[in-house]
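Okay, structure first, notes after.
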Amino acid sequence: MNKTLVAAAVTLAAASLSSQAMARDSIYIVGSSTVFPFSTAVAETFGRNTDFATPKVESTGSGGGLKLFCAGVGVDHPDITNASRRMKASEFERCQEAGVEDITEVKIGYDGIALANSREAEQFDLSLRDIWLALAKDVPNEAGELIPNPYQTWNEVNRDLPEVAIEVLGPPPTSGTRDAFVELAMEGGCKTYDFIKAMKKEDKSRYKAVCHGIREDGAYVEAGENDNLIVQKLVANPDAIGIFGFSFLDQNADQVQGSKVDGVEPTFESIADGDYPVSRSLFFYVKNAHVGTIPGIEEFVAEFTGEQAWGPEGYLVDKGLIPLPDAMRAEVASAAQSFAPMSRP
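Note that the sequence shown covers residues -23 to -1, 1 to 322 in mature numbering (1 follows the signal peptide of the UniProt record, and there is no 0).
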């Protein structure tokens, strides 16, 4: 009965969408703060070079954007959402239940997650284990027992690190950067302990809690979705470290520097080559029910996936995007521009 009612509501929403479209003549985009500058650059170029209105782009975080995107079909809901991680299966199911059935997934390129500090301070050289020990909620003691994190300074974590207080400004739980950071950096350091790595087979939920759990005693400060604000705070406090996408490091290289991770600096080349250990893919998702109804979606996607934008010499590279390999880029562009529906993640 409930499924029948949802289906009926979706049909009515789709049927009336075309007549409602006059209430919104521009594309509405939400999502990742990391993808935000890339999406904004495309939106501005699109608005300048076509007869369509410049799309509205909001930075809500990947999780927040997908929540808005999956809430339903119609002009009150976003047409596109940006994400600095892949859509989760649970989010896909939420979309399906709300009638957002056909979705096109577009991988736009790669990004690294930088742990940066002020150029006025010493550059950090951190291992994945150092990162986890500094930020984990619980860490092993000498007896191999997990205890609440006692470390207050970086040199307590590793004697080769500076004797400064651990203060890390990072994204909130709604952020795709946070999701990727805990999976790549935190879990990467956590599983260097054999007894914790073995926990994954014995008790997966316990393993995830231990490896992904971030301390809540003030050493890690949730700094919101505004990465520019984190950069400003790092400049004001040279002892602090901030977590954000490589593009923000690249755009603010005169003020902040990236820490080495396992001996590798976050650079365009090291991320493209896969050498930098804290790197991830970036995406946007299109609500196919809105294509052909909200003006300009087809043309916007064509602009975003055109070589002039996301290619090796494209304007998004100037913003810090690491392009996909040539063959993959051509394949993704073809699927994106034909609005091929994605399957369940």
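Cβ coordinates follow ideal geometry from the N, Cα and C atoms, glycine included.
Residue i vs residue j beta-carbon contact at 8 angstroms
i, j, result
"Gly195", "Ala91", "no"
"Val7", "Thr81", "no"
"Val263", "Ile248", "no"
"Thr11", "Thr244", "no"
"Tyr197", "Gly147", "yes"
"Val116", "Ile108", "no"
"Lys84", "Leu301", "yes"
"Ala48", "His54", "yes"
"Glu144", "Asp216", "yes"
"Arg63", "Phe260", "yes"
Collapsed DSSP secondary structure at residue i in the structure displayed
i, result
"Lys33", "strand"
"Pro14", "helix"
"Ser9", "coil"
"Met(-2)", "Caution applies to Met(-2), whose pLDDT of 47 falls short of 50 and renders its modelled position unreliable; the model cannot decide the point."
"Gly89", "strand"
"Lys(-21)", "Here the model assigns Lys(-21) a pLDDT of 49, short of 50, so the residue's position is not dependable and the matter cannot be decided."
"Ala286", "helix"
"Lys264", "strand"
"Ile299", "strand"
"Lys174", "helix"
"Leu138", "coil"
"Lys44", "helix"
"residue 323", "Only positions -23 to 322 of the chain appear in this structure, which leaves residue 323 out of reach."
"Val159", "helix"
"Thr81", "strand"
"Ile274", "helix"
"Thr22", "helix"
"Ser256", "strand"
"Thr151", "coil"
Counted within 10 angstroms of its Cβ, other Cβ atoms place residue i as buried (16 or more) or exposed
i, result
"Asp32", "Checking the sequence, you will find Pro at residue 32 rather than Asp. It is buried - the Cβ of Pro32 has at least 16 other Cβ atoms within 10 Å."
"Thr282", "buried"
"Asp204", "buried"
"Ser256", "buried"
"Pro254", "buried"
"Met(-2)", "With a pLDDT of 47 at Met(-2), under the threshold of 50, the modelled position of that residue is not reliable, and no figure is offered here."
"Arg25", "exposed"
"Gly251", "exposed"
"Glu290", "exposed"
"Phe158", "buried"
"Ser315", "exposed"
"Ser182", "exposed"
"Thr22", "buried"
"Met(-23)", "At Met(-23), the pLDDT of 48 sits below 50, so the modelled position is not reliable; the number obtained from the coordinates is stated separately. By the neighbour-count rule (16 or more Cβ atoms within 10 Å), Met(-23) is not buried but exposed."
"Arg321", "exposed"
"Arg136", "exposed"
"Phe46", "buried"
Range covered by the alpha helix (DSSP H) that runs through residue i
i, result
"Val52", "No alpha helix (DSSP H) contains Val52, which DSSP labels as neither H nor E."
"Asp115", "That residue, Asp115, is in no alpha helix (DSSP H); its beta strand (DSSP E) goes 115 to 117."
"Leu123", "Where Leu123 is concerned, there is no enclosing alpha helix (DSSP H), although the beta strand (DSSP E) it sits in stretches over 123 to 125."
"Ile108", "105 to 112"
"Thr169", "Element bounds for Thr169: n/a, residue is neither H nor E."
"Arg63", "No alpha helix (DSSP H) holds Arg63; DSSP gives it neither H nor E."
Boundaries (first-last residue) of the beta strand (DSSP E) holding residue i
i, result
"Arg321", "Taken as a continuous stretch (DSSP letters only), Arg321 belongs to no beta strand (DSSP E), as it is neither H nor E."
"Ala60", "57 to 60"
"Val145", "145 to 147"
Continuous beta strand (DSSP E) assignments of at least 3 residues falling wholly in the region 177 to 251: 197 to 199, 218 to 222, 233 to 235
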